[in-house]
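So the protein sequences, as listed, match chains A and B. Whatever position you read off the first sequence (first residue = 1), add 253 for the numbering used here. Whatever position you read off the second sequence (first residue = 1), add 578 for the numbering used here. For each residue, glycine too, the CB sits at the ideal point set by N, CA and C. Being a predicted model, the structure only gives us computed values, none of them experimental.
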Amino acid sequence: MSLGKTNKYLGGFLIAFFLTAAFLGWVWTPFDPLAVDLRSKLQAPGAVHPLGTDEYGRDVLSRLLAAARTSVTISILTVSFAVFFGIILGSVSGYARGWVDRVVMLFTDTLLAFPSILLALALLSILGANMYGVVLALGFAYMPTVTRVVRGAVMSLREQEFIEASRLMGHPVLYTLRCHIVPNCLAPVIVIATSMFGSVLLTESALSFLGLGVPPPAPTWGNMLASARPYMGQAAWLGIFPGLCISMTLLGINLLGDYIRDRFDPRMRGL
Amino acid sequence: MMRFVLSRLITAIPTLFLVSLAVFTLIRLIPGDPVSLMLGDNVDEQAYAAMSQQLGLDRPIAMQFLIWLKALFSGDLGHSITTGEAVLPLVLHRFGISAQLVLVAVAISTVIAVPLGMVAAWRQNSSFDLSVVVGATMLMSIPTFWMGLMLLLYFGLNLSWLPVIGYVSPAEDFWAGLIYLIMPVAALVLHETGILVRMVRSSTLDVLRLDYVTHARAKGLTEGEVLRHHVLRNAFGPTWTLLGLILGNLLGGVAVVETVFTIPGLGRLIVESIYGRDYPLLQGCLLFVAITYVVVNLIVDLCYPIFDPRVKSV
Numbered sequence: 254m255s256l257g258k259t260n261k262y263l264g265g266f267l268i269a270f271f272l273t274a275a276f277l278g279w280v281w282t283p284f285d286p287l288a289v290d291l292r293s294k295l296q297a298p299g300a301v302h303p304l305g306t307d308e309y310g311r312d313v314l315s316r317l318l319a320a321a322r323t324s325v326t327i328s329i330l331t332v333s334f335a336v337f338f339g340i341i342l343g344s345v346s347g348y349a350r351g352w353v354d355r356v357v358m359l360f361t362d363t364l365l366a367f368p369s370i371l372l373a374l375a376l377l378s379i380l381g382a383n384m385y386g387v388v389l390a391l392g393f394a395y396m397p398t399v400t401r402v403v404r405g406a407v408m409s410l411r412e413q414e415f416i417e418a419s420r421l422m423g424h425p426v427l428y429t430l431r432c433h434i435v436p437n438c439l440a441p442v443i444v445i446a447t448s449m450f451g452s453v454l455l456t457e458s459a460l461s462f463l464g465l466g467v468p469p470p471a472p473t474w475g476n477m478l479a480s481a482r483p484y485m486g487q488a489a490w491l492g493i494f495p496g497l498c499i500s501m502t503l504l505g506i507n508l509l510g511d512y513i514r515d516r517f518d519p520r521m522r523g524l
Numbered sequence: 579m580m581r582f583v584l585s586r587l588i589t590a591i592p593t594l595f596l597v598s599l600a601v602f603t604l605i606r607l608i609p610g611d612p613v614s615l616m617l618g619d620n621v622d623e624q625a626y627a628a629m630s631q632q633l634g635l636d637r638p639i640a641m642q643f644l645i646w647l648k649a650l651f652s653g654d655l656g657h658s659i660t661t662g663e664a665v666l667p668l669v670l671h672r673f674g675i676s677a678q679l680v681l682v683a684v685a686i687s688t689v690i691a692v693p694l695g696m697v698a699a700w701r702q703n704s705s706f707d708l709s710v711v712v713g714a715t716m717l718m719s720i721p722t723f724w725m726g727l728m729l730l731l732y733f734g735l736n737l738s739w740l741p742v743i744g745y746v747s748p749a750e751d752f753w754a755g756l757i758y759l760i761m762p763v764a765a766l767v768l769h770e771t772g773i774l775v776r777m778v779r780s781s782t783l784d785v786l787r788l789d790y791v792t793h794a795r796a797k798g799l800t801e802g803e804v805l806r807h808h809v810l811r812n813a814f815g816p817t818w819t820l821l822g823l824i825l826g827n828l829l830g831g832v833a834v835v836e837t838v839f840t841i842p843g844l845g846r847l848i849v850e851s852i853y854g855r856d857y858p859l860l861q862g863c864l865l866f867v868a869i870t871y872v873v874v875n876l877i878v879d880l881c882y883p884i885f886d887p888r889v890k891s892v
């Protein structure tokens with residue numbers, strides 16, 4: 254099987270698997286992911302608890318499923334936020350040029366001058382560590398990339414004849430932007446949005462691991478790893494499974510990302 | 579060349595100014611009154627007024643910024659609220675530890691990734707290429723903190739080959755320091771190598787398709803010569819830029835690896851300052867990392883003409 258097909262099928266399978274897990278985590282889990290049961294704490298994987306229990310006797314599988322739901326929700330909300338506002342800012346600044354462009358770019362470049370995880374950390378210290386804080390902080394941290402890409406695409410689009418035609422036909426600026434410009438710069442946005450899912454998931458789990466993401470007891474893969482750290486010697490499964498989930502999901506996103514990039518950007522095919 | 583350097587240096591000035599403005603504003607955006615947040619709920623008015631004055635919060639905001647900038651130029655980043663230590667020496671000390679980790683890791687990754695990526699591209703679609711791509715994609719998908727935990731579990735706990743946590747400065751005891759660095763550096767190297775290999779491979783593929791490579795081959799150069807003289811230098815440009823970004827990103831991102839191995843680096847300091855609501859310290863750390871990031875990227879840009887002389891004329 255060629256690399257392109259592997260990317261498509263394996264990536265698709267992994268993503269589908271974790272989306273199903275997230276959906277399952279939303280509707281049903283074998284045990285209550287938050288129920289403490291100290292009598293069955295730190296049990297190795299077995300018949301009752303297929304992936305074992307943690308230091309409070311909570312079922313690891315149920316917690317992984319609930320965490321999948323949180324991660325998927327955060328990733329989707331964050332990427333939507335970054336893409337939505339990135340497209341608005343990028344298309345307005347690329348189309349209007351002049352001082353609007355300068356102000357937007359000044360703002361964007363300043364944000365880009367910070368490493369994204371640092372920017373997210375800084376924003377989290379303002380917004381507070383909770384799910385919406387994480388979404389906003391990561392959204393702001395990733396928005397500038399989208400803004401830059403969209404602006405670049407819009408600047409070359411606005412000089413083309415069909416845009417001039419739309420202007421000459423007397424369409425309002427907003428209509429031209431919405432119906433002619435934005436749809437035509439979606440390809441690069443889709444490509445970066447896919448890879449952004451990966452970075453968001455990675456950063457979100459890193460923040461949780463640092464104790465600055467969604468606060469416990471709500472499970473996330475990152476905070477499960479953080480609380481597993483002291484028990485690694487006696488309960489290795491606590492450290493293995495959440496990390497495996499993060500890695501497999503990231504692998505799925507990366508493979509699918511490669512496939513989508515090849516689809517939308519033929520120049521990159523096979524690279 | 580001089581003009582290129584100068585123009586690049588001049589464009590960095592507004593960025594640095596904006597970065598400091600952003601850090602200054604960010605800290606003031608924290609909801610609530612910073613003084614009562616810092617001092618806790620039960621404070622008498624005298625302590626409150628003293629704190630406000632010490633932080634300069636009783637003055638207009640523009641004035642506050644100017645005072646802050648002035649102090650910045652004299653290297654004064656204020657004092658930590660929790661320990662009372664001066665921020666700048668503390669940040670510099672912790673930065674030294676993180677920089678050691680990050681620089682060693684990035685250097686090793688580059689040495690591994692460049693030849694692997696080039697050979698993979700040169701033998702595109704061979705089984706070697708396929709295994710490099712698959713391996714790199716897998717490594718890239720494993721977060722550094724999980725890699726760190728797994729290394730710790732296997733080499734530290736199961737085999738007891740390496741010390742599990744802690745840090746010894748190589749300046750004090752070189753060999754002990756080195757042993758403590760092995761696992762954290764390995765965790766970073768494995769992840770970053772995955773990213774770099776893919777970059778080197780794809781930029782090499784780009785170059786290999788160009789006409790002058792065909793020409794070099796046609797005039798009878800051996801494959802080794804073509805790769806060394808014509809491909810390597812040109813393919814290294816994009817990789818070089820990525821290296822700058824990776825270095826900068828790692829300065830913020832190294833916090834997770836430092837957490838896994840309890841290394842007292844800059845990343846840990848940032849996280850601790852957020853936990854402790856130590857705003858002067860947080861502000862100092864943020865500013866320091868952001869400036870380092872800008873400077874690293876500046877240095878990367880300034881070195882770019884070494885790999886691609888065409889840049890000079892831009």
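For this session: Give the DSSP-derived three-state secondary structure of A:VAL357 in the structure shown.
Result: Helix at A:VAL357.
Exercise. Beta-carbon of B:MET777 versus every beta-carbon of chain A: anything under 8 Å?
Worked result: Residue-level contact by beta carbon fails for B:MET777 and chain A, as no gap is shorter than 8 Å.
For this session: Could you check if B:GLU750 is buried or exposed, using at least 16 other CB atoms within 10 Å of its CB as the buried criterion?
Result: By the 10 Å Cβ count, B:GLU750 comes out exposed.
For this session: Could you please tell me which residues of the stretch 463–478 of chain A, in chain order, have their CB closer than 7 Å to any CB of chain B?
Result: Here the close residues are LEU463, LEU465 and LEU478.
Exercise. Buried or exposed: which applies to A:SER328, given that a residue is buried once 16 or more other Cβ atoms fall within 10 Å of its Cβ?
Worked result: With 16 or more Cβ atoms within 10 Å of its Cβ, A:SER328 is classed as buried.
Exercise. Taking just the CA atoms, how far does B:VAL583 sit from B:ARG795?
Worked result: Straight-line Cα distance between these residues: approximately 35 Å.
Exercise. Considering only residues of the same chain and omitting the five flanking positions on each side of B:VAL680, which have a CB-CB separation below 8 Å?
Worked result: Answer for B:VAL680: LEU766, LEU825, LEU828, LEU829 and VAL832, listed in chain order.
Exercise. What first and last residue would you give for the alpha helix (DSSP H) that runs through A:PHE415?
Worked result: Per DSSP, A:PHE415 belongs to the alpha helix (DSSP H) from 414–421.
Exercise. Between the stretch 640–663 of chain B and chain A, which residues of the former have CB atoms less than 9 Å from a CB of the latter, in chain order?
Worked result: The stretch 640–663 of chain B vs chain A, Cβ under 9 Å: nothing.
Problem set entry | Closest residue to B:LEU647 among B:TYR882, B:LEU865, B:PRO883 and B:LEU880 (Cα-Cα distance) | Out of B:TYR882, B:LEU865, B:PRO883 and B:LEU880, B:LEU865 has the C-alpha closest to the C-alpha of B:LEU647.
Problem set entry | For A:ALA382, the three-state DSSP class (helix, strand or coil) | Residue state, collapsed to three classes: coil.
For this session: Leaving aside the five residues before and after B:LEU847 along the sequence, list all residues of the same chain whose C-beta is less than 8 Å from its C-beta, in chain order.
Result: Short of 8 Å from the beta carbon of B:LEU847, and not among the five residues preceding or following it, lie these beta carbons of its own chain, in chain order: LEU668, VAL669, ARG672, LEU859 and CYS863.
For this session: Using a cut-off of 7 Å between C-beta atoms, extract the partners of B:ILE833 located in chain A.
Result: Reading the sequence as shown, one finds Ala at residue 833 of chain B and not Ile. What B:ALA833 touches in chain A: LEU463.
Exercise. With a cut-off of 8 Å, does the C-beta of A:PHE367 fall near any C-beta of chain B?
Worked result: So yes, A:PHE367 belongs to the interface.
Problem set entry | Contacts around B:ARG637, its chain only, beta-carbon distance under 8 Å, and the 5 residues preceding and following it disregarded | A distance below 8 Å between beta-carbons, with the five flanking residues on each side excluded, links B:ARG637 to the following residues of its chain, in chain order: ILE645.
Exercise. What is the DSSP secondary structure of B:PRO636, counted as helix, strand or coil?
Worked result: Per the sequence presented here, residue 636 of chain B reads as Asp, with Pro not at that position. For B:ASP636, the three-state secondary structure derived from DSSP is coil.
For this session: Might you give, ordered along the chain, the residues of its own chain that have their beta carbon closer than 6 Å to the beta carbon of B:PHE723, omitting 5 neighbours on each side?
Result: Same-chain partners within the cutoff: VAL834 and VAL838.
For this session: Output the boundary residues of the alpha helix (DSSP H) element that contains B:CYS881.
Result: Its alpha helix (DSSP H) spans residues 857–885.
For this session: Below 8 Å on the Cβ atoms is my guess for A:GLU308 versus A:LEU318; work out the distance and round it to an integer in Å.
Result: Contact doesn't hold; Cβ gap of about 19 Å is too wide.
Exercise. If we ignore side chains and look at the alpha-carbon of each, how far apart do B:VAL746 and A:SER458 end up?
Worked result: B:VAL746 and A:SER458: Cα-Cα distance of roughly 28 Å.
Exercise. With distances taken from CA atoms, which of A:GLY265, A:PRO283, A:ALA321 and A:LEU263 is nearest A:GLY475?
Worked result: For the set A:GLY265, A:PRO283, A:ALA321 and A:LEU263, the Cα lying nearest the Cα of A:GLY475 is the one of A:ALA321.
For this session: Please confirm whether A:LEU504 and A:LEU256 have their CB atoms less than 8 Å apart.
Result: Contact flag unset, no.
Exercise. Taking any Cβ of chain A, which residues in the stretch 716–728 of chain B have a Cβ under 9 Å from it, in chain order?
Worked result: Going along the stretch 716–728 of chain B in chain order, one finds MET716, MET718, SER719, ILE720, PRO721, THR722, PHE723, TRP724, MET725, LEU727 and MET728 with a Cβ nearer than 9 Å to chain A.
Problem set entry | Spatial distance of B:ALA628 from B:MET641 (CA atoms) | Taking the straight line from one Cα to the other gives about 18 Å.
Problem set entry | Limits of the alpha helix (DSSP H) - the one that A:GLY265 falls within | Unbroken alpha helix (DSSP H) run through A:GLY265: 256–280.
Problem set entry | DSSP three-state assignment for A:GLY339, whether helix, strand or coil | If DSSP states are grouped into helix, strand and coil, A:GLY339 belongs with the helices.
Problem set entry | Interface positions of the stretch 432–455 of chain A facing chain B (Cβ-Cβ less than 7 Å), listed along the chain | The residues in question are LEU455.
For this session: Kindly indicate if chain A contains any beta-carbon less than 8 Å away from that of B:LEU876.
Result: Chain A, which has no Cβ nearer than 8 Å to the Cβ of B:LEU876, makes this no.
Exercise. Between the C-alpha atoms of B:ILE757 and B:LEU740, what's the straight-line distance to the nearest angstrom?
Worked result: Whole-angstrom Cα-Cα distance: 7 Å.
For this session: Return the residue from the list B:VAL874, B:VAL872, B:SER851 and B:ILE877 that minimises the CA-CA distance to B:HIS657.
Result: For the residues B:VAL874, B:VAL872, B:SER851 and B:ILE877, the minimum Cα distance to B:HIS657 belongs to B:SER851.
Exercise. In chain B, which residues lie with their C-beta within 9 Å of the C-beta of A:GLY405?
Worked result: Neighbours of A:GLY405 in chain B, taken as residues at a C-beta separation under 9 Å, are lacking, since the least C-beta distance is about 17 Å.
For this session: Would you please verify whether the beta carbon of A:LEU317 is less than 8 Å from any beta carbon of chain B?
Result: For A:LEU317, the closest Cβ of chain B is not nearer than 8 Å.
Exercise. Where A:SER324 and A:PHE494 are concerned, what is the direct C-alpha to C-alpha distance, given to the nearest angstrom?
Worked result: For A:SER324 and A:PHE494, the gap between their C-alpha atoms comes out near 15 Å.
Problem set entry | Proximity test, Cβ basis, 8 Å: A:ARG482 and chain B | Yes, A:ARG482 counts as interfacial toward chain B.
Exercise. At which residue ranges does the stretch 281–339 of chain A contain complete alpha helix (DSSP H) runs of 4 or more residues, listed in the order of the chain?
Worked result: Complete alpha helix (DSSP H) runs here, min 4: none at all.
Exercise. If you count every other CB in all the chains shown that lies within 10 Å of the CB of A:ALA390, and 16 or more means buried, which is it?
Worked result: Per the 10 Å Cβ criterion, buried.
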